[in-house]
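Q:
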Amino acid sequence: MLRNHITTAIISTFLAIAAACSSGDRFEIDCEISGLDTGKVDMIYFNGHLNAVTAHASDSRVKLTGNTEIPALVDVWDSKGQLLFSLIAVNGDRLKVKMELANPSSAVIEGNEESELLSRFRTDNSDLIAAGPSAELNSAVEKFIMANLTSRAATAALMTLYDLNADPVKADSLLNRLDATARNLSSIRDFSRTLAVASASVAYDEVRPITFHVSTDSTVEFIPYRHKYSLLAVTTHPADTSSARIMRALRSDFSDKKLNIVETSVIADSARWRASISSDTATWSQTWLPGGLGNPTLSLLAIPAAPYFIAVDSTGKQIYRGFSPAEADSIIRSRIK
139 MLRNHITTAI ISTFLAIAAA CSSGDRFEID CEISGLDTGK VDMIYFNGHL
189 NAVTAHASDS RVKLTGNTEI PALVDVWDSK GQLLFSLIAV NGDRLKVKME
239 LANPSSAVIE GNEESELLSR FRTDNSDLIA AGPSAELNSA VEKFIMANLT
289 SRAATAALMT LYDLNADPVK ADSLLNRLDA TARNLSSIRD FSRTLAVASA
339 SVAYDEVRPI TFHVSTDSTV EFIPYRHKYS LLAVTTHPAD TSSARIMRAL
389 RSDFSDKKLN IVETSVIADS ARWRASISSD TATWSQTWLP GGLGNPTLSL
439 LAIPAAPYFI AVDSTGKQIY RGFSPAEADS IIRSRIK
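139 is the number of the first residue of the sequence shown in our numbering; add one for each residue after it.
1) With H, G and I counted as helix, E and B as strand and the rest as coil, what does DSSP make of R389?
2) Please work out which residues of its chain come closer than 7 Å, Cβ to Cβ, to S160, disregarding the five sequence neighbours upstream and downstream, and give them in chain order.
3) Report the three-state DSSP secondary structure of R199 (helix, strand or coil).
4) DSSP three-state call for S160: helix, strand or coil?
5) Should T145 go down as buried or exposed, given a rule of 16 or more other Cβ atoms within 10 Å for buried?
6) Would you mind sorting S356 into buried or exposed? The rule is 16 or more other CB atoms within 10 Å of its CB.
7) Use the C-beta contact count for P347: other C-beta atoms within 10 angstroms, 16 or more gives buried, fewer gives exposed.
8) Three Cβ pairs or more, each shorter than 8 Å: is that satisfied between the segment 241 to 248 and the segment 273 to 282?
9) Given a threshold of 16 other Cβ atoms within 10 Å of its Cβ, counted over all protein chains shown, does E252 qualify as buried or as exposed?
10) Rounded to a whole number of angstroms, what is the C-alpha to C-alpha distance between I405 and M181?
11) When you compare each of S408, T374, F461 and G430 to Q220 by their alpha carbons, which one comes out closest?
12) Have a look at Y363 and F350 and give me their C-alpha separation to the nearest angstrom.
13) Could you tell me which residues DSSP pairs with I167 in its beta bridges?
14) Report yes or no: do three or more beta-carbon pairs, one from the segment 460 to 470 and one from the segment 433 to 452, lie closer than 8 Å?
15) Three or more C-beta pairs under 8 Å: does that hold for the segment 312 to 322 against the segment 283 to 294?
16) The alpha helix (DSSP H) that contains D467, what's its start and end?
17) In chain order, what are the residue ranges of uninterrupted alpha helix (DSSP H) at least 4 long that sit wholly in the segment 278 to 328?
18) Would you identify the three-state DSSP class for S172, choosing helix, strand or coil?
19) Answer with buried or exposed for K475, where buried requires no fewer than 16 other C-beta atoms within 10 angstroms of its C-beta.
20) In whole angstroms, what separates the C-alpha of L427 from that of F259?
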């Protein structure tokens, strides 16, 4: 009898160890998203390579799994390109998210302290975040960072919510104030490179030729010297109504020789991008880049957020960069003869 008990105990211990080992090679996120029903979500994270994981819900519940040995910033999006939540995860983490699909600021995240801290900050500042880049949001992020210098949540807030274009020098200063542990995120290298570029004002230098790969055998080129002027529009979806109206008018009023227009989307995945433009009536080139704003092509331009517009002359000199398509339109029209 004693031998049986010992044998049972050994087997139970072995199974527990095996389960722990097998679950330690991934992270898991259990999501309960009211209103999602059987819809799908996309999880995007970087562990040295860009990873995109698509999962379909059942009764508004969905489990997401990933693999990263270094803590990673994880973004989860719905099928319409709405960011549902962001968190920090590493292999071995078991996280839970409960939220309403129509209200991302309702997200309650449990599982590790840093994700919970980041989620509370995003919820507390949801109105500022929804309004877009601003001095007020930068100030809120700065205060959050200074209060949490040892937390990766502070690094994630700096990377995703601070307007680098407004004050890259301050952003660089904030990054350097963070503890080394706080900066241990898988995507920090690309962010540091982008920040260094922005701080050095290289982002404002001449824009060199860019080749966008639309498919395996199709490309779109953004080559300033081939046109009098060029406009690069970086969007999260096909251009919003206002931006699309402005670009359609520009395309109608000026030939391609006078004005080249290229729109590139930082939407999460290529399949969703293709579906989103399938019925679009755009009269300009539409492209997609993997990795979003972290893609090296865009990071060298230090684009802080999308939508964003860069207008250049035939030498590649930037005559406008910013968030307003109307301002880009006005400057282009004042230059073209």
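Think of the CB as a built atom: it goes at the ideal place given N, C-alpha and C, for glycine as much as any other residue. Fair warning: this is a prediction, and the values are worked out from it, not measured in the lab.
A: So, from the listed chains and residues:
1) Residue state, collapsed to three classes: helix.
2) With a pLDDT of only 47 at S160, under the threshold of 50, the placement of this residue in the model should not be trusted, and no figure is reported.
3) Correct three-state label for R199: strand.
4) Per-residue confidence for S160 stands at a pLDDT of 47, beneath the threshold of 50, marking its modelled position as unreliable; the derived number appears in the next sentence. S160 falls in the helix class under three-state DSSP.
5) Its pLDDT being 44, under 50, T145 is placed unreliably in this model, and the coordinates cannot settle the point.
6) With fewer than 16 other Cβ atoms from the protein chains shown falling within 10 Å of its own Cβ, S356 counts as exposed.
7) P347 comes out exposed.
8) The segment 241 to 248 makes no contact with the segment 273 to 282; the number of CB pairs closer than 8 Å stays below 3.
9) By the Cβ-count criterion, E252 is buried, with 16 or more other Cβ atoms from all chains shown falling within 10 Å of its own Cβ.
10) Here the C-alpha atom of I405 lies approximately 12 Å from the C-alpha atom of M181.
11) It is T374.
12) Cα atoms of Y363 and F350: separation of roughly 17 Å, rounded to the nearest angstrom.
13) Its beta-bridge partners are L202 and L233.
14) In this structure the segment 460 to 470 lies against the segment 433 to 452, because at least three pairs of beta carbons, one per stretch, are closer than 8 Å.
15) Yes, the segment 312 to 322 is in contact with the segment 283 to 294.
16) Where D467 is concerned, the enclosing alpha helix (DSSP H) stretches over P463 to R473.
17) Counting only runs that start and end inside the segment 278 to 328, the alpha helix (DSSP H) elements of at least 4 residues fall at 290 to 299 and 306 to 315.
18) S172: strand per DSSP, three-state reduction.
19) Flag for K475 reads exposed.
20) Distance between L427 and F259, taken at the CA atoms: about 29 Å.
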